[in-house]
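Asker: Protein chains in written order, with my numbering: chain A, 126 to 380; chain B, 126 to 380.
Below: one structure in structure tokens.
2 protein chains.
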Amino acid sequence: MSPSESEAAFLARYDPADYARPAVAVDLVLMGLSAGRPALLLLRRDRHPHAGRHALPGGFVGIDEALEDAAARVLREKAGGVPAHLEQLYTFGAVERDPRMRIVTVAYLALLAEAAFAEALERAPTLSFGTVALPRRGVADEAEAAAPVTVLSPTGEALRLAFDHAEIVALAMRRLRGKLDYSEVGFRLLPELFTLRQLQDVHEAILGTPLNKPAFRRRMLDRGWLEPTGRFETGTSYRPAELYRFRPTSPSQGD
Amino acid sequence: MSPSESEAAFLARYDPADYARPAVAVDLVLMGLSAGRPALLLLRRDRHPHAGRHALPGGFVGIDEALEDAAARVLREKAGGVPAHLEQLYTFGAVERDPRMRIVTVAYLALLAEAAFAEALERAPTLSFGTVALPRRGVADEAEAAAPVTVLSPTGEALRLAFDHAEIVALAMRRLRGKLDYSEVGFRLLPELFTLRQLQDVHEAILGTPLNKPAFRRRMLDRGWLEPTGRFETGTSYRPAELYRFRPTSPSQGD
DNA sequence: TTAGTTATTTTTGAGATGAATATAAGTCAA
DNA sequence: TTGACTTATATTCATCTCAAAAATAACTAA
Numbered sequence: 126m127s128p129s130e131s132e133a134a135f136l137a138r139y140d141p142a143d144y145a146r147p148a149v150a151v152d153l154v155l156m157g158l159s160a161g162r163p164a165l166l167l168l169r170r171d172r173h174p175h176a177g178r179h180a181l182p183g184g185f186v187g188i189d190e191a192l193e194d195a196a197a198r199v200l201r202e203k204a205g206g207v208p209a210h211l212e213q214l215y216t217f218g219a220v221e222r223d224p225r226m227r228i229v230t231v232a233y234l235a236l237l238a239e240a241a242f243a244e245a246l247e248r249a250p251t252l253s254f255g256t257v258a259l260p261r262r263g264v265a266d267e268a269e270a271a272a273p274v275t276v277l278s279p280t281g282e283a284l285r286l287a288f289d290h291a292e293i294v295a296l297a298m299r300r301l302r303g304k305l306d307y308s309e310v311g312f313r314l315l316p317e318l319f320t321l322r323q324l325q326d327v328h329e330a331i332l333g334t335p336l337n338k339p340a341f342r343r344r345m346l347d348r349g350w351l352e353p354t355g356r357f358e359t360g361t362s363y364r365p366a367e368l369y370r371f372r373p374t375s376p377s378q379g380d
Numbered sequence: 126m127s128p129s130e131s132e133a134a135f136l137a138r139y140d141p142a143d144y145a146r147p148a149v150a151v152d153l154v155l156m157g158l159s160a161g162r163p164a165l166l167l168l169r170r171d172r173h174p175h176a177g178r179h180a181l182p183g184g185f186v187g188i189d190e191a192l193e194d195a196a197a198r199v200l201r202e203k204a205g206g207v208p209a210h211l212e213q214l215y216t217f218g219a220v221e222r223d224p225r226m227r228i229v230t231v232a233y234l235a236l237l238a239e240a241a242f243a244e245a246l247e248r249a250p251t252l253s254f255g256t257v258a259l260p261r262r263g264v265a266d267e268a269e270a271a272a273p274v275t276v277l278s279p280t281g282e283a284l285r286l287a288f289d290h291a292e293i294v295a296l297a298m299r300r301l302r303g304k305l306d307y308s309e310v311g312f313r314l315l316p317e318l319f320t321l322r323q324l325q326d327v328h329e330a331i332l333g334t335p336l337n338k339p340a341f342r343r344r345m346l347d348r349g350w351l352e353p354t355g356r357f358e359t360g361t362s363y364r365p366a367e368l369y370r371f372r373p374t375s376p377s378q379g380d
């Protein structure tokens, strides 16, 4: 091939080396809050392998489909198209992670607001529900230790997850915790209008630890992300709190 | 299939659905320091597509090869087996990112100590060298803005990178910056024994900003990661600094 | 009107950080 | 040998952040 050959000519006879290829999939950690606890949406497998265990919703990536599009499609297919914040987590590629064949899976974290989470559970009756048991954020584990996460069924038994999905869920929790304080992920779990107490509840649920109230509100307000609406919550006994709205400041990148 | 069928029997006749699959590759950001600046090792492409541009070293993932193993293999093949810290960055899967065929690539960050970096450049004569021009860490860009990174040749011209590799390099820099202060990546760019001034130089090079010396040394020493050796640097004019060694405390996870 | 509960603000103190200064330890040149 | 010079290291002080506590405000229910 001469270097002056045109790019078009080169492409025309390009022969894609055909070695055996791993399959490429996406798996989604559909996370929301339920009764103040971090919760997941799972599918119970009724087939080999790992029949009877619970798995993350996922699907293969189409040959003409971008990774993000595949993740969005799986979200639509499995959770009925509820709105969610999607973010790539990590890619898992151990050789034996699926006994059927070699599958490389790109894990995504999908954050659903509480209403969307409940709606997904209604719309898709095959989805089941698990809460994440936090290993109690000890004092000295700031350095995101490899926290072994346990997923509990609504009745409180520990669920066995299929494949390496427990590892994926653990990573999702770790990522969420790590980003919570300096990114906007916390707001993705809330409705559009929310009180500072609700925001604090979300943070406490994810961190698994109580937070100082005045310090938390000052920090959040100083961030410049909160827009007071002048409206107040209703239906409460006692003094109603002001409702805020999330106002993203900069273009803000996902990681 | 009856649910009581044995798993082995099921696997025996499992027919892996054969849709067209994307190819899976790994690309490595080989990063080190050269003369106090962040630097990269690149390969100049002599073929279509993007002939003449510079690309990250990479390779396809074997059907029986874990992702990390593929990354380690590429490191061996392209950089002559120098030691490096390897860490998965992100997976890029846009449909048209390579005009030849659909390739999903898992990007890895490889950190080479200064000696290893120089050694790789010697051993692999096809590798070329670029420094990363930092867009000067402005005051208010703490929220990892999408910093457009420029890679410069040794003579100072801007290099054009192939494919989406500029994006990958930008992400690598962002990740490095983000983790620098609370993880051990800074030490991966240093030899086993180093002075506090060298450590500070590494941080300043990556952040692109000067740091307060006493505050920096206090912070680092308080981390508990530094083990004084009682030995001192030699060959310097003026007072020699003490040599320290990195001592990882906890098992410490990668991201 | 008063007790009870939660929202919000203010105050206080501890700890981390940045800047400046002081001291120590080496080389080099006279 | 001495002193100038340079850098490492230690100390001091002011500032800032943030947690904890206390005080105040706003509402409901009795």
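Idealized CB from N, CA, C, for every residue including glycine.
Could you list which residues in chain B have their beta carbon closer than 8 Å to that of Glu190 (chain A), in chain order?
Answerer: Along the first sequence, one-based indexing puts residue 190 (chain A) at 65. Those within 8 Å of Glu190 (chain A) in chain B are Val220.
Asker: If you check the beta carbons only, do Ala382 (chain A) and Arg169 (chain A) fall under 7 Å apart?
Answerer: Residue 382 (chain A) lies beyond the range of chain A shown here (126 to 380); nothing can be said about it.
Asker: In this structure, does DSSP put His290 (chain B) in helix, strand or coil?
Answerer: Stepping through the second sequence from its first residue, residue 290 (chain B) is reached at position 165. In this structure, His290 (chain B) counts as helix in the three-state DSSP scheme.
Asker: CB-CB under 8 Å to Asp289 (chain A), same chain, minus the five flanking residues each way: which ones, in chain order?
Answerer: What you label residue 289 (chain A) is simply residue 164 of the first sequence in a count that begins at 1. Here the set comprises Phe217, Ala219, Arg222.
Asker: Rounded to the nearest angstrom, what separates Tyr144 (chain A) and Ser159 (chain B) at their Cα positions?
Answerer: Numbered from 1 along the first sequence, position 19 holds the residue referred to as residue 144 (chain A). Numbered from 1 along the second sequence, position 34 holds the residue referred to as residue 159 (chain B). For Tyr144 (chain A) and Ser159 (chain B), the distance between alpha carbons rounds to 38 Å.
Asker: Using CA coordinates, which residue listed in B:Arg172, B:Leu165, B:Ala195, B:Ala238 is at the minimum distance from Arg313 (chain B)?
Answerer: Position 188 of the second sequence, counted from the first residue, corresponds to residue 313 (chain B). Closest by alpha carbon: B:Ala238.
Asker: On the criterion of 16 or more Cβ atoms from any shown chain inside 10 Å, does Ser362 (chain A) qualify as buried, or is it exposed?
Answerer: On the first sequence, position 237 is the one that residue 362 (chain A) refers to. It counts as exposed.
Asker: The alpha helix (DSSP H) spanning Phe341 (chain A) covers which residue range?
Answerer: Here residue 341 (chain A) corresponds to residue number 216 of the first sequence, with the count starting at 1. It spans 338-348 - the alpha helix (DSSP H) in which Phe341 (chain A) sits, taken as one unbroken run.
Asker: Please look up how many angstroms separate the CB atoms of Val199 (chain A) and Gly187 (chain A), rounded, as I've assumed it's under 8 Å.
Answerer: On the first sequence, position 74 is the one that residue 199 (chain A) refers to. On the first sequence, position 62 is the one that residue 187 (chain A) refers to. Val199 (chain A) to Gly187 (chain A), Cβ: 11 Å. No contact.
Asker: So, are the CB atoms of Thr320 (chain B) and Glu358 (chain B) less than 7 Å apart?
Answerer: Taking the second sequence and counting its residues from 1, one reaches residue 320 (chain B) at position 195. Taking the second sequence and counting its residues from 1, one reaches residue 358 (chain B) at position 233. Yes.
Asker: Considering only residues of the same chain and omitting the five flanking positions on each side of Glu244 (chain B), which have a CB-CB separation below 8 Å?
Answerer: If you number the second sequence from 1, residue 244 (chain B) lands on position 119. For Glu244 (chain B), where only same-chain residues beyond five positions count, the Cβ hits under 8 Å are Gly205, Val207.
Asker: Would you give the residue range spanned by the beta strand (DSSP E) that His328 (chain B) belongs to?
Answerer: If you number the second sequence from 1, residue 328 (chain B) lands on position 203. Careful: His328 (chain B) lies outside any beta strand (DSSP E), inside the alpha helix (DSSP H) at 321-332.
Asker: For Gly333 (chain B), which of B:Ala209, B:Met298, B:His179 has the nearest alpha-carbon?
Answerer: Locating residue 333 (chain B) in the second sequence gives position 208, counting from the first residue. Nearest C-alpha to Gly333 (chain B): B:Met298.
Asker: Suppose contacts are defined by Cβ-Cβ distances below 7 Å. Is Leu318 (chain B) in contact with Arg370 (chain B) by that definition?
Answerer: By one-based count along the second sequence, residue 318 (chain B) stands at place 193. By one-based count along the second sequence, residue 370 (chain B) stands at place 245. Closer than 7 Å, so yes.
Asker: Who are the Cβ neighbours of Thr275 (chain A) in its own chain at under 7 Å, not counting the five residues just before and after it?
Answerer: One-based indexing of the first sequence puts residue 275 (chain A) at position 150. Closer than 7 Å at Cβ, skipping near neighbours: Ala258, Ala283.
Asker: What would DSSP say about Asp194 (chain B), mapped onto helix, strand or coil?
Answerer: Here the question's residue 194 (chain B) lines up with position 69 in the second sequence. Helix, per DSSP.
Asker: Put Ala232 (chain A) into one of helix, strand or coil per three-state DSSP.
Answerer: Position 107 of the first sequence holds residue 232 (chain A). It is a strand residue.
Asker: Among residues of its own chain, excluding the 5 on either side of Leu368 (chain B), which ones have a beta-carbon nearer than 7 Å to its beta-carbon?
Answerer: Stepping through the second sequence from its first residue, residue 368 (chain B) is reached at position 243. Once the five neighbours on either side are set aside, the close Cβ partners of Leu368 (chain B) are Leu318, Phe319, Thr320, Thr354, Arg356, Phe357, Glu358.
Asker: According to DSSP, simplified to helix, strand and coil, what is Ala176 (chain A)?
Answerer: What you label residue 176 (chain A) is simply residue 51 of the first sequence in a count that begins at 1. Note: Ala176 (chain A) maps to coil in three-state DSSP.
Asker: With a threshold of 7 Å between beta carbons, is Thr216 (chain B) in contact with chain A?
Answerer: The sequence position of residue 216 (chain B) within the second sequence is 91, counting from 1. Answer yes: the Cβ-Cβ gap between Thr216 (chain B) and chain A drops below 7 Å somewhere.
Asker: Can you name the residues of chain A whose CB is closer than 9 Å to the CB of Val274 (chain B)?
Answerer: For the purposes of this step, residue 274 (chain B) is identified with residue 149 of the second sequence, where counting begins at 1. None at all; the shortest Cβ gap to chain A is about 14 Å.
Asker: Any Cβ of chain B within less than 7 Å of the Cβ of Val310 (chain A)?
Answerer: Indexing the first sequence from 1 puts residue 310 (chain A) at position 185. Chain B, which has no Cβ nearer than 7 Å to the Cβ of Val310 (chain A), makes this no.
Asker: How many angstroms separate the CA atom of Pro365 (chain B) from the CA atom of Arg322 (chain B)?
Answerer: Locating residue 365 (chain B) in the second sequence gives position 240, where the first residue counts as 1. Locating residue 322 (chain B) in the second sequence gives position 197, where the first residue counts as 1. So the two alpha carbons sit approximately 11 Å from each other.
Asker: Which two residues bound the contiguous alpha helix (DSSP H) that contains Arg222 (chain B)?
Answerer: Within the second sequence, residue 222 (chain B) is the residue found at index 97, counting from 1. Here Arg222 (chain B) belongs to no alpha helix (DSSP H), and DSSP marks it neither H nor E.
Asker: Would you mind telling me which residues of chain A sit closer than 8 Å to Tyr144 (chain B), beta carbon to beta carbon, in chain order?
Answerer: Position 19 of the second sequence, counted from the start, is the residue given in the question as residue 144 (chain B). By Cβ distance, chain A contributes Phe185, Gly187, Ile188.
Asker: Just to confirm my understanding: we take Gly349 (chain A), look at its own chain, exclude 5 residues before and 5 after, and list those with CB closer than 7 Å. What are they?
Answerer: Reading the first sequence from its first residue, position 224 is the one you call residue 349 (chain A). Only Thr374 meet the Cβ criterion.
Asker: Just to confirm, is the Cβ distance from Asp326 (chain B) to Gly161 (chain B) under 7 Å?
Answerer: Position 201 of the second sequence, counting from 1, holds the residue named residue 326 (chain B). Position 36 of the second sequence, counting from 1, holds the residue named residue 161 (chain B). Yes, Cβ-Cβ distance for Asp326 (chain B) and Gly161 (chain B) is below 7 Å.
Asker: Taking only three categories from DSSP, how would you classify Gly311 (chain B)?
Answerer: The residue labelled residue 311 (chain B) in the question sits at position 186 within the second sequence. Gly311 (chain B): helix per DSSP, three-state reduction.
Asker: Confirm, please, whether the CB-CB distance from Ala235 (chain A) to Leu211 (chain A) is below 7 Å.
Answerer: As a working note, residue 211 (chain A) is residue 86 in the first sequence. As a working note, residue 235 (chain A) is residue 110 in the first sequence. Cβ atoms of Leu211 (chain A) and Ala235 (chain A): closer than 7 Å.
Asker: Answer with buried or exposed for Ala291 (chain B), where buried requires no fewer than 16 other C-beta atoms within 10 angstroms of its C-beta.
Answerer: Position 166 of the second sequence holds residue 291 (chain B). Ala291 (chain B) should be labelled buried.
Asker: How is the beta strand (DSSP E) around Arg248 (chain A) delimited, first residue to last?
Answerer: One-based indexing of the first sequence puts residue 248 (chain A) at position 123. Arg248 (chain A) -> not in any beta strand (DSSP E); alpha helix (DSSP H) instead, spanning 239-248.
Asker: Pick helix, strand or coil for Leu167 (chain B), following the three-state DSSP scheme.
Answerer: Against the second sequence, residue 167 (chain B) aligns to sequence position 42. Of the three classes helix, strand and coil, the one that applies to Leu167 (chain B) here is strand, per DSSP.
Asker: Pull up the distance between the alpha-carbon of Arg225 (chain B) and that of Arg172 (chain B), whole angstroms please.
Answerer: Indexing the second sequence from 1 puts residue 225 (chain B) at position 100. Indexing the second sequence from 1 puts residue 172 (chain B) at position 47. Distance between the alpha carbons of Arg225 (chain B) and Arg172 (chain B) is about 12 Å.
Asker: Going by DSSP in three states, Gly281 (chain A) sits in which element: helix, strand or coil?
Answerer: The residue you call residue 281 (chain A) lines up with position 156 of the first sequence. Coil at Gly281 (chain A), not helix or strand.
Asker: Output needed for Ala196 (chain A): all residues of its chain with C-beta closer than 7 Å, excluding positions within five of it in sequence on either side, in chain order.
Answerer: The sequence position of residue 196 (chain A) within the first sequence is 71, counting from 1. Result list for Ala196 (chain A): Val151, Leu153, Leu211, Tyr233, in chain order.
Asker: Hey, Leu286 (chain B) and His179 (chain B): beta-carbon distance below 7 Å or not?
Answerer: Against the second sequence, residue 286 (chain B) aligns to sequence position 161. Against the second sequence, residue 179 (chain B) aligns to sequence position 54. The answer is yes: Cβ separation under 7 Å.
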